[in-house]
Amino acid sequence: MNKRVAIWMFGILTAGAWAQAPSENFSHPETTPISYLDSIKNSFVNHSTSKCIDSRWIQELTNQELFEEMEADVNNVYRDESVDYELSTKLLKERLSKLDEKSPFKIEYNESLERVIKSFLKNRKNSFERLMGLSDYYFPIFEEHLAKYDVPLEIKYLAIVESALNPNAKSRVGATGLWQFMYPTGKQYNLEVNSFVDERSDPIKSSEAAAKYLSDLYKIFGDWDLVLASYNAGPGNVSKAIRRSGGYSNYWNIRKNLPRETQGYLPAFFATMYMFEYAKEHGIKGHQAPVVLHETDTINVKKAISFEQVSKLLDISEEEIVFLNPTYKLKQVPYISDKEMFLRLPVDKIGLFASNENAIYAYVDYEESKVEKPNYEATSVAALTTTANTSSQYHTIRRGESLGVIASKYGMSLTQLKQMNNMRTNTIHAGKKLKVRSSGIASNSNSNSTYTVQKGDSMYSISKKYPGLTISKLQKLNNLSESDLLRPGMKLKING
Numbered sequence: 052m053n054k055r056v057a058i059w060m061f062g063i064l065t066a067g068a069w070a071q072a073p074s075e076n077f078s079h080p081e082t083t084p085i086s087y088l089d090s091i092k093n094s095f096v097n098h099s100t101s102k103c104i105d106s107r108w109i110q111e112l113t114n115q116e117l118f119e120e121m122e123a124d125v126n127n128v129y130r131d132e133s134v135d136y137e138l139s140t141k142l143l144k145e146r147l148s149k150l151d152e153k154s155p156f157k158i159e160y161n162e163s164l165e166r167v168i169k170s171f172l173k174n175r176k177n178s179f180e181r182l183m184g185l186s187d188y189y190f191p192i193f194e195e196h197l198a199k200y201d202v203p204l205e206i207k208y209l210a211i212v213e214s215a216l217n218p219n220a221k222s223r224v225g226a227t228g229l230w231q232f233m234y235p236t237g238k239q240y241n242l243e244v245n246s247f248v249d250e251r252s253d254p255i256k257s258s259e260a261a262a263k264y265l266s267d268l269y270k271i272f273g274d275w276d277l278v279l280a281s282y283n284a285g286p287g288n289v290s291k292a293i294r295r296s297g298g299y300s301n302y303w304n305i306r307k308n309l310p311r312e313t314q315g316y317l318p319a320f321f322a323t324m325y326m327f328e329y330a331k332e333h334g335i336k337g338h339q340a341p342v343v344l345h346e347t348d349t350i351n352v353k354k355a356i357s358f359e360q361v362s363k364l365l366d367i368s369e370e371e372i373v374f375l376n377p378t379y380k381l382k383q384v385p386y387i388s389d390k391e392m393f394l395r396l397p398v399d400k401i402g403l404f405a406s407n408e409n410a411i412y413a414y415v416d417y418e419e420s421k422v423e424k425p426n427y428e429a430t431s432v433a434a435l436t437t438t439a440n441t442s443s444q445y446h447t448i449r450r451g452e453s454l455g456v457i458a459s460k461y462g463m464s465l466t467q468l469k470q471m472n473n474m475r476t477n478t479i480h481a482g483k484k485l486k487v488r489s490s491g492i493a494s495n496s497n498s499n500s501t502y503t504v505q506k507g508d509s510m511y512s513i514s515k516k517y518p519g520l521t522i523s524k525l526q527k528l529n530n531l532s533e534s535d536l537l538r539p540g541m542k543l544k545i546n547g
């Protein structure tokens with residue numbers, strides 16, 4: 052008790068001393084300047100931390116090993132080698148018969164199919180446990196699009212045979228994605244492929260294309276077994292196999308006349324279906340997926356942004372962004388003015404992005420401003436020629452310049468520049484001369500003016516409004532640092 056009283060008395064006595072101490076003698080602790088990135092993130096609203104996908108799961112999602120295993124199994128199915136595994140032929144026949152009853156496929160027992168099933172059970176149990184975990188994410192996507200085109204839902208197992216559920220899988224011949232589209236077939240079904248994007252790797256768009264393609268193949272053959280064979284070998288090869296077989300149209304009757312890989316294709320598909328349908332009976336338990344499709348969403352991106360920038364700003368691993376957005380080849384969402392580009396993220400990160408778009412794009416602008424660019428001011432001096440005894444000034448067009456760039460150098464609008472030179476189009480040619488304002492650059496540098504910050508402005512976007520104004524110059528004129536935030540209503544010097 053006495054000890055508590057003593058502490059209380061000490062507090063009373065020292066409080067007065069603190070209160071009477073001159074403010075100028077108070078020593079403020081030194082603060083460490085924060086980075087521009089941190090200042091942006093500190094301004095975020097609704098910032099919450101989400102549970103990120105485990106790194107081991109990320110590796111599982113893009114595991115090339117599973118794809119290579121499945122590819123090897125399909126190619127080796129035709130080998131007539133017995134497999135030592137305890138599963139009676141009688142029981143297998145009963146189970147296959149039950150599968151056949153509830154499936155539009157002709158699932159009948161044969162020795163080739165038995166060998167594949169036993170091989171999977173003996174050598175690939177662990178692989179199928181991993182595939183079952185992946186299927187929790189992908190199968191809902193497949194089923195939605197297959198149902199839309201009245202394609203049997205069991206065809207979802209085809210993506211396992213094709214790619215082992217790896218959206219970035221690429222075969223020896225260039226087939227790509229979950230459904231292994233070749234380039235021409237992908238283009239036929241509106242899957243875009245360019246320097247930035249490969250929509251064959253997009254789970255949703257490629258599933259839509261696959262469902263359409265399978266539906267079209269069924270219109271040709273009217274038999275789902277032959278549809279699967281033609282998906283792998285091409286309709287032409289299946290038609291040839293039918294003719295070479297004397298008109299038979301049952302897969303097992305034409306199998307010997309199909310390409311080697313396709314001979315193992317349907318057995319691998321049926322064996323995969325068996326493994327999933329009878330997993331419990333064989334003690335196969337799928338790995339649990341920590342993320343499912345309905346826990347993610349997309350947002351329309353209004354500026355080019357890299358996965359690295361998104362990772363830094365939203366505190367989400369770059370690997371997770373790559374998994375959720377396999378379409379983008381360069382780990383960057385490009386900006387194309389006449390096309391919408393989307394980024395898929397966990398739902399809580401979508402909310403964070405949407406609530407702080409202006410700040411996020413300001414950071415993107417800031418990063419872009421640090422990239423070295425051509426020094427137009429230095430080169431434009433050599434390109435200027437002044438005609439004697441006249442106030443006119445001319446600019447010699449340099450390679451790569453546009454009318455807009457030239458107009459901004461001299462404080463002119465594009466319309467003013469075209470009117471001054473009697474131009475009707477924006478077409479220009481290097482080496483030609485354009486009449487420009489004689490006072491252009493000088494008038495900008497001599498005038499003292501201010502700019503009122505608007506909502507969504509950044510130092511980069513403001514500097515772009517005024518020729519010759521750089522971010523570093525803007526900061527110097529206004530005694531600002533990288534960590535300082537701009538607020539609407541602030542007055543900034545833009546010349547001085």
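In terms of this note's numbering, the sequence shown opens at residue 52 and continues consecutively.
The beta carbon of each residue, even a glycine, is placed where N, CA and C say it ideally should be.
Note down the Cα distance separating residue i from residue j, rounded to an integer number of angstroms.
i    : j    : result
S532 : D348 : 36 Å
E250 : Q360 : 22 Å
K207 : N245 : 27 Å
V422 : G402 : 30 Å
S464 : P385 : 28 Å
M324 : E205 : 8 Å
I335 : N407 : 45 Å
N546 : D508 : 18 Å
Y41  : A330 : What the structure shows of the chain is the stretch from 52 to 547, and residue 41 is not part of that stretch, so it cannot be assessed.
R475 : Y502 : 33 Å
K102 : N376 : Because the pLDDT of K102 is 48, which lies under 50, any placement of that residue in the model is unreliable, and the number read from its coordinates should be weighed accordingly. Cα-Cα distance, rounded: 18 Å.
Y282 : A292 : 14 Å
L268 : K149 : 26 Å
K527 : S388 : 34 Å
A322 : L394 : 36 Å
L164 : L143 : 10 Å
E152 : F95  : 57 Å
K542 : I513 : 12 Å
P218 : K176 : 22 Å
Where does residue i fall in DSSP's three states?
i    : result
H446 : strand
T521 : coil
P155 : coil
H79  : Any reading at H79 needs caution, since the residue's pLDDT is 44, under 50, leaving its predicted position unreliable; the model's value is listed next. In this structure, H79 counts as coil in the three-state DSSP scheme.
V202 : coil
Y414 : helix
T323 : helix
T501 : strand
L182 : helix
V373 : helix
K141 : helix
K149 : helix
K207 : helix
L216 : coil
L309 : coil
Quickly, what does DSSP pair residue i with across the bridge? List them, please.
i    : result
Q383 : S357
T404 : Sequence inspection shows Phe at residue 404; the Thr mentioned does not correspond to that position. Paired residue(s): none; F404 is not in a bridge.
K484 : T447
D535 : DSSP, once it has assigned bridges, lists no residue as partnering D535.
F32  : Residue 32 is absent from the structure shown; the chain starts at 52 and stops at 547.
P397 : T347
V248 : Y379
K390 : I387
V289 : The partner list for V289 (beta bridge, DSSP) is empty, contrary to what the question assumes.
K574 : No answer is possible for residue 574: the residues shown for the chain start at 52 and end at 547.
V352 : M392
L543 : Y502
Excluding the five sequence neighbours on either side, which residues of its own chain have a C-beta within less than 7 Å of the C-beta of residue i, listed in chain order?
i    : result
F404 : I350, L365, L396 and I411
A20  : Given a span of 52 to 547 for the chain in the structure shown, any question on residue 20 remains unanswerable.
H333 : L172
E194 : L204 and K207
A226 : F232 and M233
Taking 8 Å as the CB-CB limit, is residue i close to chain C?
i    : result
A262 : This model lacks chain C altogether, as it is built from one protein chain only.
Take residue i and list the residues in its own chain whose beta-carbon comes closer than 6 Å to its own, dropping the five residues that flank it on each side.
i    : result
E391 : N351
H196 : S258, E259 and A262
M326 : F171 and F179
L485 : H446 and N472
N53  : The pLDDT assigned to N53 is 49, lower than 50, so where the model puts this residue is not dependable; a value taken from the coordinates is nonetheless given after this. Around N53: no qualifying Cβ.
P191 : L344
K354 : Y386, Y412 and V415
N409 : G507
Excluding the five sequence neighbours on either side, which residues of its own chain have a C-beta within less than 8 Å of the C-beta of residue i, listed in chain order?
i    : result
R450 : A481
P203 : S154, P155, F156, L197 and W275
K576 : Any property of residue 576 remains undetermined from this structure, which presents the chain solely from 52 to 547.
Measuring CB atoms only, is the segment 250-262 touching the segment 222-240, in the sense that at least three cross pairs come out at less than 8 Å?
yes
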